[in-house]
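Right, one structure below, let's go through it.
There are 2 protein chains.
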Amino acid sequence: MTSSLPTDPPTVADIRAAAARIAGVAVRTPLLEAPLLNDRIGARLLLKPECLQRTGSFKFRGAYNRISMIPAGDRGRGVVAYSSGNHAQGVAAAARMLNTPATIIMPSDAPAIKRANTEAWGATVVPYDRYSENREAIGAALAERTGATIVRPYDDPGIIAGQGTIGLEIAAQAAELDASLDAVLVCCGGGGLVSGTALALSDTAPGVPVWCVEPEGFDDTRRSLDSGTRQSNAADAHSICDALLAPTPGEITFPLNKRLLAGGLAVSDDEALAAMATAFEAFKVVLEPGGAVALAAALSGKLPIAGKTIAVVGSGGNVDPAVFRRALESAKGAE
Amino acid sequence: MTSSLPTDPPTVADIRAAAARIAGVAVRTPLLEAPLLNDRIGARLLLKPECLQRTGSFKFRGAYNRISMIPAGDRGRGVVAYSSGNHAQGVAAAARMLNTPATIIMPSDAPAIKRANTEAWGATVVPYDRYSENREAIGAALAERTGATIVRPYDDPGIIAGQGTIGLEIAAQAAELDASLDAVLVCCGGGGLVSGTALALSDTAPGVPVWCVEPEGFDDTRRSLDSGTRQSNAADAHSICDALLAPTPGEITFPLNKRLLAGGLAVSDDEALAAMATAFEAFKVVLEPGGAVALAAALSGKLPIAGKTIAVVGSGGNVDPAVFRRALESAKGAE
Chain A
1 MTSSLPTDPP TVADIRAAAA RIAGVAVRTP LLEAPLLNDR IGARLLLKPE
51 CLQRTGSFKF RGAYNRISMI PAGDRGRGVV AYSSGNHAQG VAAAARMLNT
101 PATIIMPSDA PAIKRANTEA WGATVVPYDR YSENREAIGA ALAERTGATI
151 VRPYDDPGII AGQGTIGLEI AAQAAELDAS LDAVLVCCGG GGLVSGTALA
201 LSDTAPGVPV WCVEPEGFDD TRRSLDSGTR QSNAADAHSI CDALLAPTPG
251 EITFPLNKRL LAGGLAVSDD EALAAMATAF EAFKVVLEPG GAVALAAALS
301 GKLPIAGKTI AVVGSGGNVD PAVFRRALES AKGAE
Chain B
1001 MTSSLPTDPP TVADIRAAAA RIAGVAVRTP LLEAPLLNDR IGARLLLKPE
1051 CLQRTGSFKF RGAYNRISMI PAGDRGRGVV AYSSGNHAQG VAAAARMLNT
1101 PATIIMPSDA PAIKRANTEA WGATVVPYDR YSENREAIGA ALAERTGATI
1151 VRPYDDPGII AGQGTIGLEI AAQAAELDAS LDAVLVCCGG GGLVSGTALA
1201 LSDTAPGVPV WCVEPEGFDD TRRSLDSGTR QSNAADAHSI CDALLAPTPG
1251 EITFPLNKRL LAGGLAVSDD EALAAMATAF EAFKVVLEPG GAVALAAALS
1301 GKLPIAGKTI AVVGSGGNVD PAVFRRALES AKGAE
């Protein structure tokens, strides 16, 4: 028996409740600034490096919050999640901390590091083919059989509220730095992170435009915002940003994003790789391609940032060494 | 006219005063933990990633504290520092923030990134040959001529107190994580960071052994601690750890270290490179070779750490991309 999935969007109060749940468990990542980079680009850039978060991405925040909300009597039946990798690790780690068995349905072509780490957290991994199988159906069948709770990657108010804690932190940390934000850029796959962050900022920094950033070919949210209705990506699209390959905006996240976002931006694989090299050089952090797209949008002029103060979320750092070496090599070639 | 250089060792009160001066200016770097790495090594490892500090290393703390202590009437005549690179950037950045001209005497073979960044901070760089010239003499002559204040890299109580703020933070952050420390490992060039950190911990975590870690061939402090008197390194020694090449323990730092440290450890270049790869994979941070030696000592079994809780300082991340690629390649080869 599974309980039906929640469908109401979260509120700012839900984000504050999530912040209380994850306090002392999640890392309060710093808001970093690199003055020499600022000099170079003529803007003030603030980076929220969620690669330093437990499990190497922001996903731990939502997963811990969501699993904490499962009634104690149901937690023992476990959780089921489907994920390209970062959500998987977030759920697996949070489940371990909360003594809940976790099963993760993962694409068979996910980076090796993500599968290995998910299993190392003690989760059971069930692979599927992302081009021919339906992960939601696999997850629903498993949950039906075991009574486990489905922990969706983004279309869940508890997940969105957990990710939104980043928005609360950005507002507070920008104030500590005497920085008055002109815009906030956040990557977007299914839209959980950006919708939660925008919701938090609508309360703590009202009027500051929040933009979502997607990989080229996976700019479904940008096109959906432009058209007003949910659009999908081409089934044969490919991107190096493996964390951001959701096919279409979420049912809960899209109405939030439609209400809250200033718009959408898209970056190329090369722009993402160049941003990874900048994060290495200027901030000394490791970003994965999908984690670097917001920084990439700021650096590659997708928005006019001259003279502005821009916060960008660096959402994760789970990248194979070979891809990171490629980012460093491309940066060297560009010098 | 230069004022004579201070020679009294700092006190814990000096470190607390330094913490107040740098609050809101320096980054309070988080204390990171990677549970999967802990599982693998059978110990609890806490990493203080000072690569995230302004200018990419801990050196900013001491420099900002020291320059803040220069009487306002003297600051306009500027500061002079000699440094292999990280102290240079720390002094240059702190001087810029405090509106003080900075001249940096830098080895002509320092990594390109370090010289470029020092100049980008607005400092004047004067190169010297580290094998044939005496940087102290060059600095003293320059200070004599201009009236600038010499900001030594480690043998200065204001510098040591500034670096010691890391010890205060480690103690507070370990408590927040419910971690009871069994040992703290800190890299050592001239000994400013480790002596300040050990002094702070002697007050905030009394009884916790603090070890210094040096590169093989530059283990002057280890040998000095063993013999009880200050030893020097061979003039022809070489190491990839360019931040840790001081020739002999400091006049102020060594008596502190002799009183406060449990002992010294040394690691090879390969061990430092392997630790850089682990920092990449497990903590998503960029460490330079010298910044990785404390982590390297923990990972390579220089101390028995099984079942223990060990804090290590990752002191900096100013590394050329080619060296970082080499670290990632060596890690892959070791798999």
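Read top to bottom, the protein sequences are chains A and B.
Each step along the first sequence adds one to the number in this note's numbering, with nothing skipped, and position 46 is 46.
Each step along the second sequence adds one to the number in this note's numbering, with nothing skipped, and position 210 is 1210.
Note that beta-carbon positions come from the ideal geometry of N, C-alpha and C, so glycine has one too.
Note that the structure is predicted; figures quoted are calculated from it, not measured.
Partners in chain C for A/Phe280, counting only beta-carbon separations shorter than 8 Å = Absent from the structure is chain C; the protein chains it does hold are A and B.
Every unbroken alpha helix (DSSP H) within the region 1022-1055 of chain B, with a cutoff of 4 residues, ordered by chain | Correct list: 1035-1041.
Per-residue DSSP class, three states only, for A/Thr248 | coil
Are any of the Cβ atoms in chain A nearer than 9 Å to that of B/Gly1090?
-> No, B/Gly1090 lies away from the interface with chain A (no Cβ there is under 9 Å from its Cβ).
Listed in chain order, which residues of the region 187-216 of chain A have Cβ atoms closer than 7 Å to some Cβ of chain B?
-> none
Identify, in the order they occur along the chain, each residue of the same chain with its Cβ nearer than 7 Å to the Cβ of B/Glu1133, setting aside the five sequence neighbours on each side.
-> none
According to DSSP, is B/Gly1333 helix, strand or coil?
-> A caution first: B/Gly1333 carries a pLDDT of 47, below 50, which makes its placement in the model too unreliable to give a value.
So which residues on chain A does B/Pro1030 lean against when the C-beta distance must stay under 9 Å?
-> Within chain A, the residues near B/Pro1030 are Val27, Arg28, Thr29, Pro30, Leu52.
Please find out if some non-hydrogen atom of the ligand NAD comes closer than 8 Å to the beta-carbon of A/Ile104.
-> Here there are no bound small molecules, and the ligand NAD is not part of this structure.
Presumed contact (8 Å Cβ cut-off) between B/Gly1290 and B/Leu1328, rounded CB distance = So it is not a contact: roughly 18 Å between Cβ atoms.
Since A/Pro157 is in the alpha helix (DSSP H), which residue starts that stretch and which ends it?
-> Following the DSSP letters along the chain, one finds A/Pro157 inside the alpha helix (DSSP H) bounded by residues 157-176.
Comparing the C-beta of B/Ile1067 with each C-beta of chain A, is any distance below 9 Å?
-> no
What residues in its chain sit with their C-beta under 6 Å from that of A/Ala19, if we drop five residues either side in the sequence?
-> These residues qualify, in order along the chain: Thr165, Leu168.
Kindly indicate if chain A contains any beta-carbon less than 9 Å away from that of B/Leu1299.
-> no
Proximity to A/Ala13 [Cα-Cα], best of A/Leu265, A/Tyr64, A/Ala143, A/Pro157 | A/Pro157
For B/Gly1139, I'd like the list of residues in its chain whose CB is within less than 8 Å of its CB, leaving aside the five on either flank, ordered along the chain.
-> Val1080, Ala1081, Tyr1082, Ile1105, Ile1150
Under three-state DSSP, which class holds A/Leu304?
-> Looking at the sequence provided, one finds Pro at residue 304 of chain A rather than Leu. A/Pro304 falls in the coil class under three-state DSSP.
Roughly how many angstroms separate the alpha carbons of B/Arg1230 and B/Glu1251, rounded to a whole number?
-> 9 Å
Verify whether the separation of the beta carbon atoms of B/Leu1046 and B/Ile1310 is less than 9 Å.
-> yes
Less than 8 Å between the CB atoms is what I'm expecting for B/Thr1248 and B/Ser1232, so what's the real figure, rounded?
-> 4 Å
Can you tell me the Cα-Cα spacing of B/Glu1335 and A/Phe58, whole angstroms?
-> In this prediction, B/Glu1335 has a pLDDT of 39, which is less than 50 and means its spatial position is unreliable; nothing more can be read from the coordinates.
Below 8 Å between beta carbons is the criterion; list the residues of the region 120-138 of chain A that meet it against any residue of chain B, in chain order.
-> Correct list: Ala120, Trp121.
From this set, A/Gly217, A/Ser330, A/Arg259, A/Leu260, which residue's C-alpha is nearest A/Ser239's C-alpha?
-> Among A/Gly217, A/Ser330, A/Arg259, A/Leu260, the Cα nearest to that of A/Ser239 belongs to A/Gly217.
A/Phe283 at chain B interface by Cβ criterion, 9 Å = yes
For B/Pro1255, decide whether its Cβ has a neighbour in chain A, counting only Cβ atoms nearer than 9 Å.
-> Taking a beta-carbon distance threshold of 9 Å, B/Pro1255 does not count as an interface residue toward chain A.
Check whether the region 1028-1045 of chain B touches the region 1275-1290 of chain B, counting contact only when three or more Cβ pairs, one atom from each stretch, lie closer than 8 Å.
-> yes
C-alpha distance - B/Asp1182 paired with B/Ala1171, whole-angstrom precision = 12 Å
Would you give the residue range spanned by the beta strand (DSSP E) that B/Ala1093 belongs to?
-> B/Ala1093 -> not in any beta strand (DSSP E); alpha helix (DSSP H) instead, spanning 1086-1097.
Check the Cβ-Cβ distances between B/Leu1166 and every residue of chain A, and say whether any is below 9 Å.
-> Rather than Leu, the amino acid found at residue 1166 of chain B in this sequence is Ile. For B/Ile1166, the answer is no, since every Cβ of chain A falls outside 9 Å of its Cβ.
Do you know how far the Cα of A/Arg96 is from the Cα of B/Ala1200?
-> 35 Å
Residues bridged to B/Thr1103 [DSSP beta-bridge criterion] = B/Val1080, B/Thr1124
Member of B/Arg1054, B/Gln1173, B/Leu1295 whose CA lies at the smallest distance from the CA of B/Thr1118 = B/Arg1054
Does DSSP put B/Thr1149 in a helix, in a strand, or in coil?
-> In the structure shown, B/Thr1149 falls within a strand segment according to DSSP collapsed to helix, strand and coil.
So what's A/Leu261 in DSSP terms, helix, strand or just coil?
-> In the structure shown, A/Leu261 falls within a coil segment according to DSSP collapsed to helix, strand and coil.
Comparing the C-beta of A/Ala93 with each C-beta of chain B, is any distance below 9 Å?
-> yes
Bounding residues of the alpha helix (DSSP H) (the contiguous stretch that carries A/Ile310) = Run containing A/Ile310: none in the alpha helix (DSSP H); it sits in the beta strand (DSSP E), 309-314.
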